[in-house]
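Participant: Protein chains in written order, with this note's numbering: chain L, 1 to 471; chain H, 1001 to 1432.
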Amino acid sequence: MENKKNSDISIYIVMFIFVALFLAMMGYFAYYVQFSSPDDINNSYNPRQEKLAAKVIRGAILSSDRKPLACTELTPDGREIRRYPYGGIFAHVVGYSTKGRYGIESIANISLLTSNADISERISNEMADQKSIGDNIISTLDIELQKCAYETMGIYKGSIMVAEPKTGRILAMVSSPGFDPGTIDQQWDELNEMTTSPLMNRTTQGLYPPGSTFKMITLLEYFRENKNPEEYSFNCNGRFTAEDVTINCFHGSVHGKLDLKKSFAKSCNSSFANIGYGLKSNAFRSTAKDLLFNEELPIKLSHKMSSFTLEKSSDTEEKLHTAIGQGKTLVTPLHMNLITQAIANKGMLEKPCLIDRIENYKGVVIKQYHTEDEKRLMTSEEADFLTEYMEAVITEGTGSKLMSEDYYVAGKTGSAEYGQVKGDSHSWFTGFARDESGDKCIAVTVLVEGAGTGSDYAVPMAKRIFDCYYR
Amino acid sequence: MNNIIIELSKYFIILCIAFYALNGFIVFRYKTHEDQRGFYVMQNIFMVMIHAAGFAVLVLEGRDVSMVTFYCVTQLVIIAFVILYRVIYPASQPLIVNNMCMLLTISLVILARLSYSKCQKQFVIAAAGMVLALVIPFLMKFSHLVFMHLTWLWALAGVFVLGVVFVLGRATYGSKLSFTLKGITFQPSEAVKLLFVFFVAAMFAKSTTLKQIIITSVFAMAHIGILALSKDLGSALIFFVVYVFMLYVATRKLYWLLAGMILGAVSAVAGYRLFAHVRTRFIAWKDPFSVIDGQGYQITQSLFAIGTGGWFGMGLGQGTPNKIPVVEADFIFSAISEELGCLFGLCIILICISNFLMFLNIAIKQSDLFYRLVALGMAVIYGFQMFLTIGGVTKFIPLTGVTLPLVSYGGTSVLVTIIMFSVIQGIYCDNG
Ligand SMILES: [Zn+2]
Chain L
1 MENKKNSDIS IYIVMFIFVA LFLAMMGYFA YYVQFSSPDD INNSYNPRQE
51 KLAAKVIRGA ILSSDRKPLA CTELTPDGRE IRRYPYGGIF AHVVGYSTKG
101 RYGIESIANI SLLTSNADIS ERISNEMADQ KSIGDNIIST LDIELQKCAY
151 ETMGIYKGSI MVAEPKTGRI LAMVSSPGFD PGTIDQQWDE LNEMTTSPLM
201 NRTTQGLYPP GSTFKMITLL EYFRENKNPE EYSFNCNGRF TAEDVTINCF
251 HGSVHGKLDL KKSFAKSCNS SFANIGYGLK SNAFRSTAKD LLFNEELPIK
301 LSHKMSSFTL EKSSDTEEKL HTAIGQGKTL VTPLHMNLIT QAIANKGMLE
351 KPCLIDRIEN YKGVVIKQYH TEDEKRLMTS EEADFLTEYM EAVITEGTGS
401 KLMSEDYYVA GKTGSAEYGQ VKGDSHSWFT GFARDESGDK CIAVTVLVEG
451 AGTGSDYAVP MAKRIFDCYY R
Chain H
1001 MNNIIIELSK YFIILCIAFY ALNGFIVFRY KTHEDQRGFY VMQNIFMVMI
1051 HAAGFAVLVL EGRDVSMVTF YCVTQLVIIA FVILYRVIYP ASQPLIVNNM
1101 CMLLTISLVI LARLSYSKCQ KQFVIAAAGM VLALVIPFLM KFSHLVFMHL
1151 TWLWALAGVF VLGVVFVLGR ATYGSKLSFT LKGITFQPSE AVKLLFVFFV
1201 AAMFAKSTTL KQIIITSVFA MAHIGILALS KDLGSALIFF VVYVFMLYVA
1251 TRKLYWLLAG MILGAVSAVA GYRLFAHVRT RFIAWKDPFS VIDGQGYQIT
1301 QSLFAIGTGG WFGMGLGQGT PNKIPVVEAD FIFSAISEEL GCLFGLCIIL
1351 ICISNFLMFL NIAIKQSDLF YRLVALGMAV IYGFQMFLTI GGVTKFIPLT
1401 GVTLPLVSYG GTSVLVTIIM FSVIQGIYCD NG
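Structure (structure tokens):
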């Protein structure tokens, strides 16, 4: 009996299996609490965020060079006031935290309300019923560029977004009209009633017809279906007609004989309607899906999904209009900027990044965010092809005002007609610039509501941004 | 002043539980009870301090003043139990007594905070369980007689009870079968678990021929099948796992264990393909935030509680654990993590592990195969149930709707677990 017992290892095996399970579970639990939970709990479904505010003084949001964009000050009588030193310049992107939450104030709420100060300090604060000081968010925002974009937009309505394609870092994001987050409590009702929606971040939540900027996507689809773009030619007499549907060139232009590159550079509607007529709707839809149409964008800021409705059963009218960016297609300036970034980065979209790192109030880094590949939107061959064509827009087309000694631009202009009145149009530009070495690269997207043609309004604005950056 | 006490107690309670858990592992290094005695007494002191500090905080926060009386009564009952047990059964295993009382103490503190009325109900049942616990080790002497001779009766009884409940009972929260009698809800599957372990142990103690294994397996499958049909997946899984491990230890043939694992994997895939409620749980586990309005609501609220509490917790009474559905039962661990801290949660896991190891230790020492298998079966039920519930609420594994033994609210569950601990004590006292 004794002997049999000693030779029996079966219970030890049971013990081993279960202890391994328990240890794995404990490891997972500890890892979750330490590393994963901070992201999870910053969720509007979590009813516990208010509880934290009672224990911690909200941390500050800083620019990439550590200047405060939002910070909490104590009044002599002990009240906390949220200050926004730059007034309305960073309004939408930094956001607000008193009337609901918006912008970085919303996506980083838990971090701002979490104190990673020394443990001894936190405990002694709790004992004394004193609040600890929350962590600081160091954003990727660049004060000079943001100011420049804000001033450039001026009194116009619209949006400007600037980002680094190689890292996904967002350097500037402006929406106009705006508001002053410092006085939002007093003006809340008034702002809400205004028909111009000043509280909405047009960059992420404004849905606009893309106009001719969409020809980048039509061109990509053409390239995917036809591998010999040099052979394309078209004779523009100012209009294109197929099955009773007629598409006119903008402002009655007649472009004459065009190859594919000229069609794109001159933004010839007739030629692109012709191209669109020959495209396969199903394949076009899947290309649009590759480019994140009808999908959530990989960013935590609240945003709208762009829509692309063309499908196999669509009629010719929708098909032709879609090809030139009119139709039912709607995009956000953010989305247009992400597509541009992917083209600039050989087809790979980096994860958009608005927060560089989290530090405790003494400047010790708590969490550093790194560049991450988000999704390949197209092959690098396709990106090179689009880049070459977008360069032609500047050198021989509608974006000629962007010729510069200091940088090389590739981009696309657009005038998106909207509403019933003929001639009302949004002015678009989206593109990227590189310096001689190719190291400094930014993607800029400009949208001006109801202003007119892209080359007249959006392009000069983009030029001011590029000049500011490469100065 | 109150604030200082409430804040201090947060760290004090964590320190107490940490030292308690530590002592529970140190004792494994000493051979005799005499050498271990000092550590057990220390454990009792930490236990009393957590009990006292917990209720002190609740009273200072201005909850029901009658909690002072309630605290005194519960404290006295638990201390009396520890002393009586030692007097009646000098040869009993003190770590098991201590851990049982510690987990009951934690349960009382957190339930008093979540729902005072449920806490009082729970205490009445736990007190009744403690009385049983004083008798059961003595009765274990007759277990051989009762189970080895009337083996079939117990198997049929188990299948019968589950079958009756399947027909008559109703599902609460979509899974657990129960029926209500005079305001008290019974969950027969909890009780049948014990009968099942005795039955299987008796069958294999008699013989482990292939014929015997097949007969026993048929009965095991009958139990598991009824539970699976009544959508009580957690219980079905526990029965299955305990059967596979008992079969393996009885035969000492590794291929039974492997066969069981393969069968388990195949059934899991089949269950996923066949049943919508299985897929639902799987989706809620894979990406709960995508279905946060529906099936993912429970688990995301649980994760919010754990994450917001962090390592040190919000402090007892300072969080919002009641936002989690069925927090007193299936999600008690999340409530504890939120308010008492995740360090406290880790210590609970350690205490449960020390119970599990102690049960297996006792199983190893049994030369009698029946006792050996009973102790093993109890250990596996206990350990696996703990794994299912804590793993579930932390999203380590999909939710199965199982309670945390001794800590969760639930009369049947607490009663059955106390009986289980007592059975082990009985085996230990007889043949320690
Ligand atoms: Zn033309």
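Virtual Cβ for every residue (Gly too), placed ideally from N, Cα, C. The model shown is predicted, which means the values in this text are computed figures rather than measured ones.
At the 8 Å Cβ level, is G1174/H part of the contact set with chain L, yes or no?
Facilitator: The residue given as residue 1174/H occupies position 174 in the second sequence. A caution first: G1174/H carries a pLDDT of 42, below 50, which makes its placement in the model unreliable, though a value can still be read off. No, no contact with chain L.
Participant: For I275/L, which residues in the same chain have their Cβ closer than 7 Å to its Cβ, ignoring the five residues on either side in sequence?
Facilitator: Reading the first sequence from its first residue, position 275 is the one you call residue 275/L. The answer, listed in chain order, is T218, Y222 and A323.
Participant: Alpha carbon to alpha carbon, how far is R1252/H from D8/L? Give it in angstroms, no decimals.
Facilitator: The residue labelled residue 8/L in the question sits at position 8 within the first sequence. The residue labelled residue 1252/H in the question sits at position 252 within the second sequence. Approximately 7 Å between the Cα atoms of the pair.
Participant: Using only the heavy atoms of ligand 1, determine whether one of them is closer than 7 Å to the beta carbon of N235/L.
Facilitator: Locating residue 235/L in the first sequence gives position 235, counting from the first residue. Because no heavy atom of ligand 1 lies under 7 Å away, the Cβ of N235/L does not count as near it: no.
Participant: Among K227/L, N269/L and P68/L, whose alpha-carbon lies nearest the alpha-carbon of F240/L?
Facilitator: Here residue 240/L corresponds to residue number 240 of the first sequence, with the count starting at 1. Among K227/L, N269/L and P68/L, the Cα nearest to that of F240/L belongs to N269/L.
Participant: Residues in its own chain within less than 6 Å of G1386/H by CB, not counting five upstream and five downstream?
Facilitator: Taking the first residue of the second sequence as 1, we reach residue 1386/H at position 386. The residue you asked about is not Gly; residue 1386/H is Met in the sequence shown. Cβ within range, chain order: C1352.
Participant: Tell me whether the beta-carbon of A172/L lies closer than 8 Å to the beta-carbon of L141/L.
Facilitator: Taking the first sequence and counting its residues from 1, one reaches residue 172/L at position 172. Taking the first sequence and counting its residues from 1, one reaches residue 141/L at position 141. For A172/L and L141/L, yes; Cβs fall inside 8 Å.
Participant: According to DSSP, is A1052/H part of a helix, a strand, or is it coil?
Facilitator: Counted from its first residue, the second sequence places residue 1052/H at position 52. In the structure shown, A1052/H sits in a helix (DSSP, three-state: H, G or I).
Participant: Only counting runs of 3 or more residues, tell me where the beta strand (DSSP E) segments fall wholly within the segment 253-316 of chain L, in order along the chain.
Facilitator: For the segment 253-316 of chain L, whole beta strand (DSSP E) runs of length 3 or above, ordered along the chain, are 256-259.
Participant: Whose Cβ in chain H lies nearer than 8 Å to the Cβ of K51/L?
Facilitator: As a working mapping, residue 51/L is identified with position 51 in the first sequence. Result: T1308, M1314, Q1318, G1319 and T1320.
Participant: Per DSSP, what kind of secondary structure is C1016/H in: helix, strand or coil?
Facilitator: For the purposes of this step, residue 1016/H is identified with residue 16 of the second sequence, where counting begins at 1. Reduced to three states, the DSSP call for C1016/H is helix.
Participant: Contact between the segment 1412-1430 of chain H and the segment 1370-1383 of chain H: three or more CB pairs below 8 Å?
Facilitator: Touching, per the Cβ criterion.
Participant: Could you tell me which chain L residues have their CB closer than 8 Å to the CB of C1347/H, listed as they occur along the chain?
Facilitator: As a working note, residue 1347/H is residue 347 in the second sequence. Going along chain L, no residue has its Cβ under 8 Å from C1347/H, so there is no contact; the nearest lies around 11 Å.
Participant: Distance, Cα to Cα, Y1173/H vs I339/L?
Facilitator: Here residue 1173/H corresponds to residue number 173 of the second sequence, with the count starting at 1. Here residue 339/L corresponds to residue number 339 of the first sequence, with the count starting at 1. With a pLDDT of 43 at Y1173/H, under the threshold of 50, the predicted position of this residue should be treated as unreliable, though the coordinate-derived value follows. Between Y1173/H and I339/L, the C-alpha separation is close to 46 Å.
Participant: Along the chain, which unbroken stretches of the alpha helix (DSSP H) at least 4 residues long are found entirely within the segment 1177-1228 of chain H?
Facilitator: Listed in chain order, the complete alpha helix (DSSP H) runs (minimum 4 residues) inside the segment 1177-1228 of chain H are 1188-1206.
Participant: How big is the Cα-Cα spacing for F1331/H and S1302/H?
Facilitator: Here residue 1331/H corresponds to residue number 331 of the second sequence, with the count starting at 1. Here residue 1302/H corresponds to residue number 302 of the second sequence, with the count starting at 1. Each residue's alpha carbon lies about 7 Å from the other.
Participant: Residue range of the beta strand (DSSP E) that D189/L falls in?
Facilitator: As a position in the first sequence, residue 189/L is number 189, starting the count at 1. Unbroken run through D189/L is the alpha helix (DSSP H), I184 to E193; no beta strand (DSSP E).
Participant: Between A30/L and chain C, is there a C-beta pair that is closer than 8 Å?
Facilitator: Chain labels in this structure do not include chain C; the protein chains are L and H.
Participant: Near V446/L, what residues of its chain come up, given a Cβ to Cβ distance below 6 Å and the 5 sequence neighbours on each side ignored?
Facilitator: Within the first sequence, residue 446/L is the residue found at index 446, counting from 1. Closer than 6 Å at the Cβ level, and outside the excluded window around V446/L, lie I160, F429, A458, M461 and A462.
Participant: Can you say whether R48/L is buried or exposed, counting buried as having 16 or more other CB atoms within 10 angstroms of its CB?
Facilitator: Sequence index remark: in the first sequence, residue 48/L carries index 48 (1-based). Buried.
Participant: With the cut-off set at 8 Å, would you say V1059/H and V1068/H are in Cβ contact?
Facilitator: For the purposes of this step, residue 1059/H is identified with residue 59 of the second sequence, where counting begins at 1. For the purposes of this step, residue 1068/H is identified with residue 68 of the second sequence, where counting begins at 1. In contact: V1059/H and V1068/H (Cβ atoms closer than 8 Å).
Participant: Using beta carbons (cut-off 8 Å, strictly below), is K1206/H in contact with chain L?
Facilitator: Looking up residue 1206/H in the second sequence gives position 206. No, no contact with chain L.
Participant: Any C-beta of chain L sitting closer than 8 Å to the C-beta of G1383/H?
Facilitator: Stepping through the second sequence from its first residue, residue 1383/H is reached at position 383. With 8 Å as the cut-off, G1383/H counts as an interface residue toward chain L.
Participant: With a CB to CB cut of under 6 Å and the five nearest residues on each side skipped, what residues in its chain are close to Y28/L?
Facilitator: For the purposes of this step, residue 28/L is taken as the residue at position 28 of the first sequence. Taken in chain order, the list of residues that qualify is empty.
Participant: Run through chain L and tell me which residues come within less than 7 Å of W1311/H, C-beta to C-beta.
Facilitator: Residue 1311/H sits at position 311 when you count from the first residue of the second sequence. Result: V33.
Participant: Under three-state DSSP, which class holds A128/L?
Facilitator: To locate residue 128/L, count along the first sequence from 1; it is residue 128. Of the three classes helix, strand and coil, the one that applies to A128/L here is coil, per DSSP.
Participant: Rounded to the nearest angstrom, how far is the Cβ of D135/L from that of S111/L, given a contact under 8 Å?
Facilitator: Here residue 135/L is taken as the residue at index 135 of the first sequence, counted from 1. Here residue 111/L is taken as the residue at index 111 of the first sequence, counted from 1. Their Cβ separation, rounded to whole angstroms, is 5 Å, which keeps D135/L and S111/L in contact under 8 Å.
Participant: Please state whether DSSP places W1152/H in a helix, a strand or coil.
Facilitator: Stepping through the second sequence from its first residue, residue 1152/H is reached at position 152. Residue state, collapsed to three classes: helix.
Participant: In whole angstroms, what separates the C-alpha of G327/L from that of N228/L?
Facilitator: Walking along the first sequence from the start, residue 327/L turns up at place 327. Walking along the first sequence from the start, residue 228/L turns up at place 228. Taking the straight line joining both Cα atoms gives about 27 Å.
Participant: Please report the straight-line C-alpha distance between M1314/H and N109/L, rounded to a whole angstrom.
Facilitator: Walking along the second sequence from the start, residue 1314/H turns up at place 314. Walking along the first sequence from the start, residue 109/L turns up at place 109. Computed Cα separation, rounded: 17 Å.
Participant: Do the CB positions of L377/L and D290/L come within less than 8 Å of each other?
Facilitator: Within the first sequence, numbered from 1, the residue matching residue 377/L stands at position 377. Within the first sequence, numbered from 1, the residue matching residue 290/L stands at position 290. Their beta carbons are under 8 Å apart, which means L377/L touches D290/L by this criterion.
Participant: Quick one: using the 10 Å Cβ neighbour count with 16 as the cut-off for buried, is D185/L buried or exposed?
Facilitator: Numbered from its first residue, the first sequence carries residue 185/L at position 185. The residue is exposed, with fewer than 16 neighbouring Cβ atoms inside 10 Å.
Participant: Classify S437/L: buried if its beta carbon has 16 or more other beta carbons within 10 angstroms, exposed otherwise.
Facilitator: If you number the first sequence from 1, residue 437/L lands on position 437. With fewer than 16 other Cβ atoms within 10 Å, it is exposed.
Participant: Distance check for F1123/H and S1066/H, CA to CA, integer angstroms please.
Facilitator: As a working note, residue 1066/H is residue 66 in the second sequence. As a working note, residue 1123/H is residue 123 in the second sequence. Cα-Cα distance, rounded: 15 Å.
Participant: How would you call T195/L, buried or exposed, if buried means at least 16 neighbouring beta carbons within 10 angstroms?
Facilitator: By 1-based counting over the first sequence, the position of residue 195/L is 195. When all chains shown are included, T195/L counts as exposed.
Participant: Where does the unbroken beta strand (DSSP E) through N248/L begin, and where does it stop?
Facilitator: Within the first sequence, the letter at position 248 stands for residue 248/L. N248/L -> beta strand (DSSP E) spans V245 to N248.
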